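Read the structure below first, then the notes.
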Amino acid sequence: MAQEQINQDIKWLEGQLEQKKRELAGSGAEVKEEREIIKDVIKESPQAPTPPPASQASLSDDDAKKRAAELEEKKHHEIIDELVGIAFSKNLASALKVAESFKNPHIIDEFHDTLADYYYQKLLDARKLK
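Numbering (this note's numbering), first residue to last: -15 to 114.
Written out as structure tokens, the structure reads:
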């Protein structure tokens, strides 16, 4: 099930990536690397991409705050690792919701960057399989 959700998130990211590329090309803005565009997409999407399947429901706001409170006791890198784990075990929307619950710009920014790197690699891997 988690792999199915990851595939849905990757498909959503691919669509957002193409849309962002078109917007940048149309505006005459500087052309960015795909990895940077993915980071921008994740940062601009605090609420989620695709609706999760019923068996993988997104976390409620209260559950997201509880998860954030549980994680606050951990070291910085452990928090980021846990947030990435939520993205892959639940869905991207849930992980973004928990990250935003921290209200800590440093953690949120590092999480966005780390998550973008993970998803960029998964996107590259998915393209190799086609």
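Backbone N, C-alpha and C fix where the C-beta goes; we use that ideal spot for every residue, glycine too.
These figures come from a predicted structure and were not determined experimentally.
In whole angstroms, give me the CA-to-CA distance for Ala100 and Lys23. 5 Å
With contact counted as at least three CB pairs below 8 Å, one residue from each stretch, are the stretch 88 to 97 and the stretch 7 to 18 in contact? no
Label Lys74 either buried or exposed according to how many other C-beta atoms from any shown protein chain fall within 10 Å of its C-beta, with 16 as the threshold for buried. buried
Would you please state the rounded distance, in angstroms, between the beta carbons of Gln0 and Val25? I believe it to be under 8 Å. 4 Å
Determine, using beta carbons only, whether Pro78 and Ile91 come nearer to each other than 8 Å. The sequence shown places Ser at residue 78, rather than the Pro named in the question. Inclusion of Ser78 and Ile91 in the CB contact set at 8 Å is not warranted, their separation being larger than that value.
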